[in-house]
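Undergrad: To convert, count from 1 in the sequence shown and add 22; that's our numbering. Virtual Cβ for every residue (Gly too), placed ideally from N, Cα, C. None of the values given here were measured: they were computed from a predicted structure.
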Amino acid sequence: MRRGILIVVFSVLSVLTPHPGAAQDNTAVEMKVKRVMLDPSIKTPTAVVILENTKEKKLIPIWIGSEEATSIAIELENVSTPRPNAHDLIRNILQGLGAALQRITITDLRNNIYYASITLKLKDHEFQIDSRPSDAIAIALRMKAPIYASNQVLAKAKQLPSPEKAKEDLRKILGMQVQELTSELASLFDIPLKKGVLVADVELGSAASEGGIQRGDIILKVNDRTIQKVGDLESFFQSGKRAGQLKIEVLRKGKPTTVVFDLPS
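Okay, here's the thing in structure tokens:
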């Protein structure tokens, strides 16, 4: 990751000898970051950032490293960190130079590898910088820049990882996507025990949404039963809990909160 950062920084500094940027793909489609999750289809925990075109509901899952996933997640959840990370540093450098981040584009998918470019503007000159999608997305979120994907990427994008049956049942019951709380996320959310389940996404209008569960919540207990991992939550609902009152104790932005709501029958 550090090597990639140095490439970006030196590329920005190269504006002292400007060179023309490549032509933009005017057919590219604007995307939004839907969520960051762990791929449930493989045993080794691997993070996936999901991009979504809100108009046509097309999804692009991009498998990324844990550091980049954490960086994207903390920006999505507005989590403050004591010191700037690598992507914060790049944002600070670009802003200090007076450069504007016009957009980032996921340009291609070749041999199972996604490619991206960062479009910068400085002193009436436009520059195209090659980047990994994960770094480009993390920087774009910090600089409030739009994210695009080319039509060929949309056409070649892989399918969204299929959740295991238990996770799918949980999504159907509560309308939320959960994932294991990694040590990196635990330190960011200041959870000393590093136990609990992270709410990665909540479907609008679902039981969880209507009950007050929010994306970024850390589930610690359900009906006074301690939840240390996703399997604990799954087994709770597999044991026959399908209706009635549900009390969920969560950690929300560092503060304990209790949410109580009724599950539909």
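Figure out for me which residue from Asp284, Thr66, Lys80 has the closest Cα to the Cα of Ala177.
TA: Residue Lys80 is the option with its Cα nearest to Ala177.
Undergrad: Looking only at its own chain, which residues have a Cβ that is under 6 Å from the Cβ of Ile169, when we skip the five neighbours before and after it?
TA: Counting only Cβ-Cβ distances below 6 Å, and skipping sequence neighbours, we find Met53, Ile126, Ala162.
Undergrad: Which stretch, first to last residue, makes up the beta strand (DSSP E) that contains Ile112?
TA: No beta strand (DSSP E) holds Ile112; the alpha helix (DSSP H) holding it covers 108 to 119.
Undergrad: Would the stretch 91 to 110 count as touching the stretch 124 to 140 if we require 3 or more Cβ pairs under 8 Å?
TA: No: fewer than three Cβ pairs fall under 8 Å.
Undergrad: Would the beta-carbon of Phe283 fall within 8 Å of that of Glu202?
TA: Against a cut-off of 8 Å, the Cβ pair of Glu202 and Phe283 comes out as no contact.
Undergrad: Using 10 angstroms around the beta-carbon of Leu273, count the other beta-carbons present and answer buried if the total reaches 16, otherwise exposed.
TA: Classification for Leu273: buried.
Undergrad: Alpha carbon to alpha carbon, how far is Leu226 from Asp157? Give it in angstroms, no decimals.
TA: C-alpha separation (whole angstroms): 29 Å.
Undergrad: Please classify Ser88: does DSSP put it in a helix, a strand, or coil?
TA: Looking at Ser88 - three-state DSSP - the assignment turns out to be helix.
Undergrad: So, helix, strand or coil for Lys54, using DSSP?
TA: Reduced to three states, the DSSP call for Lys54 is strand.
Undergrad: For Leu196, which residues of its own chain have a beta-carbon under 6 Å away from its beta-carbon, when the five flanking residues on both sides are left out?
TA: Cβ within range, chain order: Ala229, Ala230.
Undergrad: Pro155: buried (16+ other C-beta within 10 angstroms of its C-beta) or exposed?
TA: So Pro155 counts as buried.
Undergrad: Pull up the CB-CB distance for Val55 and Ile140, whole angstroms please, since I reckon it's below 8 Å.
TA: In fact, because the Cβ distance is near 16 Å, the residues do not count as touching under 8 Å.
Undergrad: Suppose the cutoff is 8 Å on Cβ atoms and the five residues either side in sequence are ignored; what does the same chain contact list for Trp85 look like?
TA: Counting only Cβ-Cβ distances below 8 Å, and skipping sequence neighbours, we find Asp61, Thr68, Ala69, Val70.
Undergrad: Between which residues of its own chain and Arg113 is the CB-CB distance below 7 Å, once the five residues before and five after are set aside?
TA: Correct list, in chain order: Ile161, Arg164, Met165.
Undergrad: Would you give the residue range spanned by the beta strand (DSSP E) that Glu128 belongs to?
TA: What sits at residue 128 in the sequence shown is Ile, not Glu. Looking at the DSSP string, the run of the beta strand (DSSP E) that includes Ile128 is 122 to 132.
Undergrad: DSSP state of Gln174, grouped into three classes?
TA: Of the three classes helix, strand and coil, the one that applies to Gln174 here is helix, per DSSP.
Undergrad: Starting from the C-beta of Lys277, find all residues in its chain whose C-beta is less than 6 Å away, skip the five residues before and the five after it, and write them out in chain order.
TA: Closer than 6 Å at the Cβ level, and outside the excluded window around Lys277, lies no residue.
Undergrad: Where in the stretch 227 to 256 do unbroken runs of the alpha helix (DSSP H), each at least 4 residues long, occur, reported from the N-terminal end onward?
TA: You should have 229 to 233.
Undergrad: Tell me which residue opens and which closes the beta strand (DSSP E) that Ala158 is part of.
TA: Not the beta strand (DSSP E): Ala158 falls in the alpha helix (DSSP H), residues 155 to 164.
Undergrad: Which of the three DSSP states is assigned to Lys269 in this structure?
TA: In the structure shown, Lys269 sits in a strand (DSSP, three-state: E or B).
Undergrad: Tell me the rounded alpha-carbon separation between Lys275 and Val58.
TA: Cα to Cα, Lys275 sits roughly 18 Å from Val58.
Undergrad: Where does Arg274 fall in DSSP's three states?
TA: Reduced to three states, the DSSP call for Arg274 is strand.
Undergrad: Exposed or buried, Ile135, counting other C-beta atoms within 10 Å across all chains shown (16 or more means buried)?
TA: When all chains shown are included, Ile135 counts as exposed.
Undergrad: Would you grab the beta carbon distance between Val175 and Ile82 for me? Rounded to a whole angstrom, and I think it's under 8 Å.
TA: Contact holds; Cβ gap of about 7 Å.
Undergrad: Buried or exposed: where does Ser205 fall if 16 or more other Cβ atoms within 10 Å of its Cβ makes it buried?
TA: Result: exposed.
Undergrad: Quick one: measure Cβ to Cβ for Leu255 and Ile241, integer angstroms, because I've assumed they're closer than 8 Å.
TA: Right, their Cβ atoms sit about 7 Å apart.
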